[in-house]
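These notes concern the structure reproduced below.
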């Protein structure tokens, strides 16, 4: 019986059929595991990376120079002083971020007259221990600021002697995010 299988070539057909069946089972297993969604709890590192990317995306969205809105970072920070609050910017941040994420928005700037770095707290919420920060640098013309802006590069130590100068001011906008 063995000799007859080898002579007629049926043994090779059974071997090929077995190989094809094994490859098909492996392909089905591969597609089955790669097509299903496996829900697992987020690890700390992946959650932090997602949160940081979300912060960078929101800051990029708010720093769009082509936007006609007054809620861009440059417009909101240029009109900011000790008595005004950037409601439009805060509302845009609230709309852009999910409900389970809270934030603080800080602006870091260099005070020329005192030769020091300062942080201006736009929002000052109590945050949890596990925070992530995303930052973006923006450049605003000195003449764009309101006259009592904390970021103004004015005659009290600036290179230019006029508030209306076109001297650029660099601000670091820092968005600190955490899950609630």
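Residue numbers (my numbering): 1185 to 1364.
Glycine is no exception: its CB is placed at the ideal position from the N, C-alpha and C atoms.
Since we're looking at a predicted model, the values are computed, not measured.
Check: Whole-number beta carbon distance between residue 1303 and residue 1292, since they are thought to touch under 8 Å; Outcome: 5 Å
Check: Own chain residues within Cβ distance below 7 Å of residue 1248, not counting five before or after; Outcome: 1256
Check: Identity of the residue in 1317, 1364, 1297 and 1318 nearest residue 1334 by Cα; Outcome: 1297
Check: Residue 1258 classed as buried or exposed, judged by whether at least 16 other C-beta atoms fall within 10 angstroms; Outcome: buried
Check: Residues that DSSP places opposite residue 1301 in a beta bridge; Outcome: 1294
Check: Nearest to residue 1325 (by Cα), restricted to the options 1261, 1240 and 1236; Outcome: 1261
Check: Inside the region 1234-1294 only - alpha helix (DSSP H) runs reaching at least 4 residues; Outcome: 1257-1262 and 1271-1280
Check: Run of the beta strand (DSSP E) containing residue 1316, from where it starts to where it stops; Outcome: 1316-1325
Check: Residue 1355, DSSP secondary structure in three states; Outcome: strand
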